[in-house]
Structures are given as C-alpha cells and as structure tokens.
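Here is the structure we will look at.
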Amino acid sequence: MTALRDLPVPTRDRFPHRRPMPTRWQDNDHYGHVNNVVYYAWFDTTVNGYLLDHAGVDTRELAAVGLVVETGCRYLHPVSFPQHLEIGLGVERLGDTSITYRLAVFADGRDEAVALGRFTHVYVEQSSGRPAPVPTVVRNTVTPLLLG
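Residues 1 to 148 in full-length UniProt numbering are what the sequence shown spells out, letter by letter.
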C-alpha cells in the first residue's frame, strides 16, 4: 500500500461519495486552525455515516462489525472555523475481512484536498471478537466506492 505522503494530492472528482462537514468553534486550537484530532472524527463520521445511510440496515446490529485498526492523515493546508468542508470517500482496498477507505478533506473554494486520510476496518464477530468476512450487505454497499 502506498504511503499517504507518496500519493498525489487528489481533487474532489476523484471521490465517488462526498459528505458535507461543518467546522465548529471548538474544533480550533490555540493556533487558530482545526486541531489534528478533529480530522479523525470527520473520517469516522464519513465512513460510518455512509454505511448507515446506504446499507439499508443498521450495520451496528450485524453479526460481524468493523473495528478500526489503522488510521492516518496527511495534512496539506490548514482549515479553521467557520469554513465549510466536504469529505471525499472512496475504497482503496476491499479484502475478505477488511476494508481500507481513502478520504480527503476539501475546503470551500479549493478543488485540491487540504488533507488526505486512510481508515481501515477489520471485521470481527460481535459474539467472539474473532475475524469474520466483510458482511455481504457491507460489501455490496462499499463496492461502488472502489477507486480505480
């Protein structure tokens, strides 16, 4: 898998799904820009929001659920409240038991990403915590997001 630092800076049209994301006053740190930890909350909200909105079921109630095992973010340009953002979402890799998502943060007025992220879910049985196949409903939901 290519390191985030080695990927080209993407544009909005590269992502099959985009979700509006507001910034909040509390997101800004004392340097006047959104703190790095907030980006991970945006990524989590975008991935899980997409699954809940598009799967037709509550994915939290499936026998196997996706747990985050790895995340990463490459910060390219600062953003701050009250900017309006959009988070791009695509699937980098769809495996037997895991999904790796690629995400990008886009600010109003900029076509190139201001941050680039990666987010990996590994599926486990809720009852045992053992690895499990990606549920069919989840696989079918994320397949349209596969990046070429």
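We put the CB at the ideal spot given by N, CA and C, even for glycine.
Item                                                                                                             : Value
Buried or exposed by the 16-neighbour rule on C-beta atoms within 10 Å, applied to methionine 21                 : buried
Where aspartate 111 falls, given that 16 or more other Cβ within 10 Å makes a residue buried                     : exposed
Exposure label - aspartate 27; buried when at least 16 CB within 10 Å                                            : buried
Threonine 100 (DSSP reduced to helix, strand or coil)                                                            : strand
Span of the beta strand (DSSP E), counted from its first residue to its last, around valine 47                   : Looking at the DSSP string, valine 47 is not in any beta strand (DSSP E); the run it does join, the alpha helix (DSSP H), is 36-54.
Valine 9 (DSSP reduced to helix, strand or coil)                                                                 : coil
Beta-carbon spacing of histidine 77, valine 114 below 8 Å                                                        : yes
Contact between the segment 123-135 and the segment 38-53 (3+ Cβ pairs under 8 Å)                                : no
Valine 122, buried or exposed, once every other Cβ within 10 Å from all chains shown has been counted against 16 : buried
Reference valine 9, options Leu103, Ser80, His33, Val91, closest by Cα                                           : Leu103
Collapsed DSSP secondary structure at leucine 67 in the structure displayed                                      : strand
Cβ-Cβ distance between phenylalanine 119 and threonine 71 below 8 Å                                              : yes
Beta-bridge partners of phenylalanine 123, as assigned by DSSP                                                   : Looking at the sequence provided, one finds tyrosine at residue 123 rather than phenylalanine. DSSP output for tyrosine 123 lists Gly66 as bridge partner(s).
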